[in-house]
Structure formats: structure tokens, C-alpha cells
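In our numbering, each residue's number is its place in the sequence shown (first place is 1) plus 11.
Yeah, the Cβ is synthetic: ideal placement off N, Cα and C, and Gly gets one too.
Nothing here was measured: the structure is a model prediction, and the numbers come from that model.
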Amino acid sequence: MVVMIRREVGKRRTMKIWPGSPYPLGASYDGGGTNFALFSEVAERVELCLFDDDGTETRIDLPEREAMVWHGYLPRIVPGQRYGYRVHGPYDPANGLRGNPSKLLLDPYAKAIDGHNDWNEALFSYRFDDPDAFNDDDSAPYAMRSVVINPFFDWANDRPLRIPFHQTVIYEAHVKGMTQRNPRIPEDVRGTYSGLAHPAMIEHFKKLGVTAVELMPVHQFVHDSNLVERGLRNYWGYNTIGFFAPHNDYASFGGRGGQVQEFKSMVKALHRAGIEVILDVVYNHTAEGNHLGPTLSFKGIDNPAYYRLVNEDKQYYYDTTGTGNSLNVRHHESLRLIMDSLRYWVTEMHVDGFRFDLAAALARDFHEVNRLAAFFDLVNQDPIVSQVKLIAEPWDVGDGGYQVGGFPPLWTEWNGKYRDSVRDFWRGEPASLGEFASRFAGSSDLYEIDGRRPIASINFVTAHDGFTLNDLVSYNEKHNDANGEDNRDGESHNRSWNCGAEGPTDDSDIVGLRERQKRNFLATLLLSQGVPMIAHGDELGRTQGGNNNVYAQDNEISWIDWEDARHHDVQTVFTRQLTRLRAEHPIFRRRRFFTGAPAGDSNLPDIAWLRLDGTPMRDEDWSPEASRTVAVFLNGHGIPEADALGEAIVDDSFLTLFNPSPDEVEFSLPDPAYGQTWEVVIDTADPLLANAGTLKAQEGVRVPARAMLVLRCQY
């Protein structure tokens, strides 16, 4: 037991601190006290700073240093205690060293964080009027605080669900945006974890047929100073500062650790309903920005360990994320931080998987993106992380950063090529048929070569970044004026089509066409091979008024308008029909790629692309000059994968007729070998199937302009 000096404002007294343990990192409460452990290779001294409710700060030197970890144990320090660190070390930016004990630093392993930054010059280690001048103003009055949490929770036998990928339908959701305007949720929990777990939301997810909710960032993030100055906030959350802490803005129980219990309760409720929880995680950078950014945590603890620095001048940061810095995945401590964080969210928070933002940045051991990078090796070898869903956003903004199809076998990927191809096909772009066919069939050209299967492709048409589905068919141009950047931000090439008028219109023909186009996109998405992802609110007609970059719009522009959603009941019901069809028929969610060879006891191929006359497509029919209309036959006889009893799966066969052209066309159904009688099960021009009927082999079928029919073989 070591006797230390306890220092408070205006007085001194002694207290006892035990040596404690260097593991685990962070603040660990054991029922009698709390162990504190912080890695820093460059520190010369580390002070633990405890804060009373009135803001009084008590500083205590951590007494032990072992394997570059500073640590100590304090009896009677209990959950709810706010704390931070002051790290004494060299301040030499030219050599990448940014020690500054006047800055209160967040614990990188903090399980909860209280408050928000009050943007003041004191948060920065330099003077605004002289970037070379050292700033020793105390940042504590303006900084966030780490919080000791209660790790105990009654999970009642809950565990990650492990729903197979081929049975998964993902719903990308924003905790606040989903619930903030939902009148069925009590006002005091709207916009929170509790709101997302409310029976009204779970009922919606269940009826919609989604099996996994992919939450946009819920790691503690920072509202950028430039946004706050403009009266805006970081809405999306891609600005992480705490990789273990649930974001406190989404907690109805407060920020003194209650957010952890509330998050766990949300996961428990969703699991009880059979819905997985996937987190969108941002390990590629932090909220501390570049050399002119604030000193909030990592920068002041061990700058060269946590960040990639420019070799020629280490005061600058190597940036492949477009945010000012990149996490140093070449350093063992940064890799340990990432892996510890991932394991924590699986083992302690019970999440079912992760979507990695700008994942290509994590694969840059040196300059190039490397599928053999240390990060991938660690994930592959980890007995916990390797068993959950792993989804890559397979690009970053660095050289060679677009890596769709380039990730290792364990991974699935957001398929950006799928999004682009499907958008081009339905807006009538020439030369899009061949690419569309490949994407609809599972993108074997991207994933089969390295042994991956159709589930490697996370298919999507819209996501948080870009137009909503409603806006995709309503705007040719982005309308981002509310962001205050003179409409310069956001993607300019959206592959969108407004159907004849920019924005809202009373023209009934245009409105009807837009509704049909939305159904075309949804039907294509949910019946393609691979794993579909629906962007939140697309089934409800959500609009952002043409804003394709609502990263800073924490308001009605981005939140779902549940009152307006009542006018889109047909679209909601139609989406349910599609998810039900997909769930009931494994032909739409095969675990292996099509081969074109005969299937089962049938003489017909497992997939066949057909012309308007019902005969198989020829090579010349795929030319850019050929018609863009096409039919696809999916053979359900003997799907080459076994059921639970080891038997080959037999399903119905289906015929899908695509007409992206501006004119009505007539398809001839194929000869009786494919099927003698066909039933219409999906019609994007008649979503409620008011005029559905049965059709016979070789019968003519009129498909309206820009429409899609799905037929099921009866016998």
C-alpha cells in the first residue's frame, strides 16, 4: 500500500492508493474500489484527476508503471465517479510529442463519458493567434469527463443471436432520428436507447421483417466546434472520442453511467424480439483532428502511438479519412485498443456485429491497402470477434482506397457497385444490363474468386450518406443549403432521376412514376442474392428535402416524420410483402452462387436470363445497344445446399420480368418446361395485387413502363 499526496483546490491532505494492476486498461470497479490503468510510453508522470459534484478536482499521482502502463487502485471509488488524466511529458510537436498536463484528458478506455466539450481555446495546446505558442490554460472547466461505471447487469441469459447471414435483412437506423418524432413513444424517451427499445419500434421492425438493426455511430462522439459555431450539431456521429462509451446524448437515464445500463436494456429488448444489433463503428480516426485540432485524449496521452504521423515532419498527421487524422494501426497499442473495444461490445454489451466505417484505412499497414494487414490477422484469430458479423465499408479517401471485392474471406462488404448499378438500371442508363444482371445474381465476379459466397455482398440502394429513396426519385441535384456550405458539400453525382420535376409536385403522373420507381428499387433490393440493407425510413417515404448530406442536421430535416409516414402505407405494406417473400423462399437467399448448370432433378439451369420472346439470352443481347428489358428464371428444384436434415432444399421456381424502359412492353412467358402456370406475387405497378391472376406458359404478359413483375411457378 502506497501513501500519496492528495491535492485539492486550496488544501493538501494524504490518502492511500494501492499499486493496483496494469490490466485491464481503463477504470475497473470490483465492488470495493476502482483500479485505474492508462497506457503511455512517452509519459514521465501521470495524474489521475477525480471530480466532485461541485467540480472540485483532486489530483493523484498513479504510483506504478509496468509495461508502459501507469496504474493504481483506489478503495471506495464507486460507479458514477467522474475522472480524467493529466499526462506530463515532452511537448515537441515537430517530433510528434504533444504532452501538456494543463489539458484534462479522457480515458481511451472510459466505459462512459459525461458532458460535452465547451469549445474554448483552453482545449487546444497552442494559441489561436500563434500556432507555435504553447497554451498552458487549464482545459478542465471546458472538457468532458470519464465516468466509472457499474459493470453488473442482469442479462437473464441473453446472448448474441448469431442469425445466419443468408437469413439476414439489415435495417440501417439512427437512434435519435428513428424515434424523435414518433407519437407512439413517450416524449421523455424519444431519441434515446429506451425509445428504440420501445414496443412501438420493436413492433415496426417485426412487421417490416428486418432481422438486424445496424445503428449509426453510438460510440461517444464530439460535436465539432465549427458546427457548434454555426448552430449545428454532429448528427451522424462519425467523430468518435470514446470507443467503449455509449453516446450520452442518446441516454434518457443521464450521463453518469446510466447510458451503459440503458444501452444494455435496449439490446436485451431487441434480442428478445429476435432482432440483432450491429454497430457502425469508426476506428479509422478520432475527433481530435489534425495538428490544429484540440487535445482531448489520445493526442495528449501518446500521440505517436495512437496516430499516424507524416514521416518527414511529425507535427503533421497522415490522413486517409478526410477528417484530419488516421489511427495508427501499425502500432500495437492502437491495435489493442481496437480489439479490446470490439471484444467489449460483444462480451459486455452483447452486440451481434460491426460495420466498419472507411475500413480500408484499417488495412494500411504502410501506404497501400493490404488485405494481409495486421488488423485482419488479429480479427481472424480472435475467438470472439471472428464469430460475429463483420461488415466493411470497403473504401477510404486515400490512394487506392476503393476496395470493393478486395477484403479477406471472413468479411462482408457494403457493395457500392450494387448501389450504382441498380440506380443506373432503373433510371434507364444505357449499357447497364450486364452489370445489373451480375449484381442481382450476387456479384460472383467480386467475391467468388477468393472463396466467398453471395452473403459477402451487403446490397443497398440508399444509405445514410446520400439521398433517401424518396429523394432519389425526386431530385436530380442535391439541395444542401441548410448545411451552410453553399451547397458545395455532399456527392454531386448521385445517379438519381427526378422523374420529370425537381422536388415536390402535384403532377399525378410524376407522383405515380416516383412511387413505382421506389417499389422497383425495393423489390430489386430484397430479391437480389446477397444480404439486403434498407435505409431507415425508406419504407415510410422519408424525405430530406433533397439534402444528400445531413451529417449536421439534427432536426426535422433528418428525423423520420411519423405523421407523414401514414400517407405511405402502401409502400410500407409492399416492403413487408417483399421481406416475407424473401423469408419464405430460399431461392432468393442462396448460400452459393449460381452456376448456370442444371439444378437438382431438373434439366433447366439454376438461373436463366430470357429475352422478350421467352427464349434464353444470346451473347449479342447483352450488347450496350440491345434492349434493356430482361426476364430472369430462378430454378427452385434442388438448391445446392442442405437443410438441417442434410436434404437438398426444394423451393418454388420464380420468373422476374424487368422493364426499365419508358414504354410498356410485352413479354412472352417461356415454354412449359420452365413452368405451365404462373401466379403474380409482386407487381410494382399494382402493389396491392388488385388485378393479379394466373398465367400460362408462352402467354403474353404486358409489363407497364418502368415496372417489375415477379411470378411464381404453380406447377
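- Distance from the CA of residue 612 to the CA of residue 390, rounded to the nearest whole angstrom, comes to 41 Å.
- Unbroken alpha helix (DSSP H) runs of no fewer than 4 residues, entirely contained in the segment 154 to 240, are found at 186 to 190, 204 to 207, 210 to 219 and 236 to 240, following chain order.
- Assignment of residue 29 by DSSP, reduced to helix, strand and coil, places it in the strand class.
- Residue 682 and residue 720 do not touch by the CB rule: their CB atoms are close to 18 Å apart, not below 8 Å.
- DSSP, read as helix, strand or coil, puts residue 125 in strand.
- In its chain, beyond the 5 residues on either side, 144 and 146 have a beta carbon closer than 6 Å to the beta carbon of residue 138.
- Comparing alpha-carbon positions, the option among 215, 457, 345 and 692 lying closest to residue 723 turns out to be 692.
- Between residue 553 and residue 626, the C-beta spacing is not below 9 Å.
- Annotated three-state conformation of residue 119 is coil, per DSSP.
- Within the segment 466 to 500, the complete beta strand (DSSP E) runs of at least 3 residues fall at 468 to 470.
- Residue 73 is bridged by DSSP to nothing; it lacks a bridge partner.
- Of the candidates 67, 519, 417 and 507, 507 places its Cα closest to the Cα of residue 436.
- By the Cβ neighbour-count rule, residue 384 is buried, with 16 or more other Cβ atoms within 10 Å of its own.
- For residue 325, no alpha helix (DSSP H) segment is defined, and its DSSP state is neither H nor E.
- By the 16-neighbour rule on beta-carbons within 10 angstroms, residue 378 is exposed.
- Taking a cut-off of 8 Å for Cβ pairs, the segment 244 to 257 and the segment 561 to 575 touch, as three or more such pairs fall below it.
- In this structure, the straight-line span from the alpha carbon of residue 114 to that of residue 93 is close to 16 Å.
- In the three-state reduction of the DSSP assignment, residue 449 falls in the helix class, which pools H, G and I.
- Around the beta-carbon of residue 42, fewer than 16 other beta-carbon atoms lie within 10 Å, marking it exposed.
- Residue 670 holds the alpha-carbon nearest to the alpha-carbon of residue 438 among 149, 191, 670 and 200.
- For residue 123 and residue 325, the gap between their C-alpha atoms comes out near 31 Å.
- For the pair residue 539 and residue 458, the CB atoms are not nearer than the 9 Å cut-off.
- The count of Cβ pairs closer than 8 Å, one atom from the segment 282 to 291 and one from the segment 361 to 372, reaches three, so the stretches are in contact.
- Judged by DSSP in its simplified three-state form, residue 437 adopts helix.
- Only residues of its own chain outside the window of five on either side were considered, and among them 93, 155, 156, 158, 259, 266 and 267 have a CB closer than 7 Å to the CB of residue 125, listed in chain order.
- Under the 10 Å beta carbon count, residue 503 is surrounded by fewer than 16 other beta carbons and is classified as exposed.
- Here the C-alpha atom of residue 169 lies approximately 27 Å from the C-alpha atom of residue 199.
- In the DSSP assignment, residue 693 falls within the beta strand (DSSP E) that extends over 688 to 694.
- Partner residues in the beta bridge of residue 719, as assigned by DSSP, are 669.
- Pairing residue 36 with residue 424, the inter-Cα distance amounts to about 31 Å.
- CA-to-CA, the gap between residue 491 and residue 570 works out to about 16 Å.
- Only residues of its own chain outside the window of five on either side were considered, and among them 490 and 568 have a CB closer than 7 Å to the CB of residue 556, listed in chain order.
- Counting along the chain, no alpha helix (DSSP H) covers residue 641; the unbroken beta strand (DSSP E) around it starts and ends at 641 to 645.
- Note on geometry: alpha-carbon atoms of residue 130 and residue 153 lie some 7 Å from one another.
- With a cutoff of 9 Å on beta-carbon distance, residue 588 and residue 526 are scored as not near each other.
- Proximity to residue 296 across 331, 518 and 135 peaks at 331, based on C-alpha coordinates.
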